[in-house]
Amino acid sequence: MPPSTADRSSLGLLATLFAAFLAALQTRSAGALQIQQAFASPNRTNNFVVDAASRRVYLAAVNSLYQLNATLAREVEMRTGPVRDNPLCHAPQLPQATCEHEKTLTDNHNKLLALDREQGVLLACGSVYQGFCELRSMNNVSRVAVKFPQDGATVFPSMLNIVANHENASTVGLIFRSHGGAPRLLVGATYTGMGTEYFPKNHSKEDLRFENTPEIAIRSLNTKDLGRLFTYDINPSEDNVFKIKQEVKQKNKLNFVHAFVHKSYSYIAINNDANTGLKESQPNSILARICLDTDGPRRSAESRKLTESYIQMGIQCGASGNIYNRLLSIYPADISDAQSAEAPEPYLFGVFARAGGQSAVCAFRVADVEEMIRQGRRNCLNGPNSDVQVLDSVIQGSGAECERKGPIK
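The sequence shown maps to residues -32 to -1, 1 to 377 in mature numbering (1 follows the signal peptide of the UniProt record, and there is no 0).
Pasting the structure below:
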């Protein structure tokens, strides 16, 4: 939901002040900044994560995975590609999988890299084999920490097709602990099946992505329950996924920007590329919120369904016709006033762009975002509401855009 005129003005002023602060900070500190250590990857870097306890750096590049120490010295290098693959074939990890299409050497682009220190594993997901994920040892990334799938286990394609299977298609994800402490994986991935620019142009009717890969899903990541690893972890599984209907996928070309946690919620920032080219006053960007089912008081011991809590609002930067409506990057940060004794206040800082290549930074109070969502849900109880929506109108097998979701909490 776009901010009001007053809100936009204040956000624009805050963005200006923030830019001035950054410029002043850069002026004061530019002479003092020096590179202490460096590591150069011969291939393009995709993702990295840092373990704060060991100070190790895990770096994922095209066809390689590196484990570096605190001084960025290489400890381990693991080759992840190229491998023989074809996007029209099932992952070879699927038992008895056959494919009539020719496989060629294909680069493996890392799409998702995440640490789960409690289980001692590094989650590494690549673009090959339909977006397959591995769990590797945090102490030595060349070792597989958990073999998946297990020999003789029942495996479905939906357990293997997790991230986007194309180098230019987006993927975001995060690991969290649900009610009871069970580790779970939230993933948002751009659809790359039939009808998209990512799908092989050979007129094949075999679309493995639509059949097996939702745009958003919550999966089990519990290594002590291997039979459910990477499953949707709820019965029926459709309650823990968002999969847009085939007939409206062209109107919902979702490009995922970032996923992060605040309190007991995950926020997912998305661009709907189907809106590109429309008037600049209309937001192309979406901020979605999902309840992560953490250890708060519950009426039931059952896991909360993703479809019970998903809600979204439009987000853009600027005011008075000076609008930046495409989100490039967004991150949360706590801001404190050095002259105040009050606790730091959470903000979202977003970099936005518009046609012509210009960009701007805007800051949003998380409290304002939460209030907009809360008010939107209240309005939703009274009837259809376009300001804050659920995705029910485009989810496979679902109904209206804005439907009764129960009491606001």
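Each residue gets a CB set at the ideal place from its N, CA and C atoms; glycine is no exception.
Note that the structure is predicted; figures quoted are calculated from it, not measured.
Query	Result
With the cut-off set at 8 Å, would you say residue 295 and residue 331 are in Cβ contact?	no
Indicate whether residue 127 and residue 210 have their beta-carbon atoms separated by less than 8 Å.	no
Tell whether a beta-carbon distance below 8 Å holds between residue 51 and residue 96.	yes
Would you kindly work out how many angstroms separate the C-alpha atoms of residue 68 and residue 57, rounded to a whole number?	8 Å
Just reading off the alpha helix (DSSP H) that residue 180 is part of, what are its end residues?	176 to 180
Go ahead and pull the three-state DSSP assignment for residue 79.	strand
On the three-state DSSP scale, how would you describe residue 127?	helix
With residue 226 and residue 277 assumed to form a contact (beta carbons below 8 Å), what rounded beta-carbon distance in angstroms separates them?	About 19 Å; that fails the 8 Å criterion.
Could you round the C-beta distance between residue 132 and residue 92 to whole angstroms and report it? I think they count as a contact, below 8 Å.	Not really, about 14 Å apart at Cβ, beyond 8 Å.
Is the beta carbon of residue 304 less than 8 Å from the beta carbon of residue 312?	yes
Let's test the definition: count the other Cβ atoms within 10 Å of the Cβ of residue 26 and tell me whether it reaches 16, buried, or not, exposed.	buried
Assuming residue 40 contacts residue 6 under a Cβ cut-off of 8 Å, what Cβ separation, rounded to an integer in Å, is found between them?	6 Å
Between which two residues does the beta strand (DSSP E) carrying residue 46 extend?	42 to 47
Give me the Cα-Cα distance between residue 137 and residue 94, rounded to the nearest whole angstrom.	12 Å
CA-CA distance, residue 339 and residue 130?	33 Å
Are the Cβ atoms of residue 379 and residue 345 separated by less than 8 Å?	Residue 379 is absent from the structure shown; the chain starts at -32 and stops at 377.
For the beta strand (DSSP E) containing residue 167, list its first residue and its last residue.	Taken as a continuous stretch (DSSP letters only), residue 167 belongs to no beta strand (DSSP E), as it is neither H nor E.
With distances taken between CB atoms, is the gap from residue 180 to residue 125 smaller than 8 Å?	yes
Can you tell me whether residue 2 is helix, strand or coil according to DSSP?	coil
Who does residue 283 pair with in a DSSP beta bridge?	253
Anyone know if the C-beta pair for residue 87 and residue 191 falls short of 8 Å?	yes
With burial defined as no fewer than 16 other Cβ atoms inside 10 Å of the residue's Cβ, what is the status of residue 141: buried or exposed?	buried
If we ignore side chains and look at the alpha-carbon of each, how far apart do residue 222 and residue 254 end up?	9 Å
Which ranges would you report for the beta strand (DSSP E) in the stretch 276 to 345 if only whole runs of at least 3 residues count?	279 to 283, 285 to 287, 290 to 292, 294 to 303, 313 to 321 and 327 to 333
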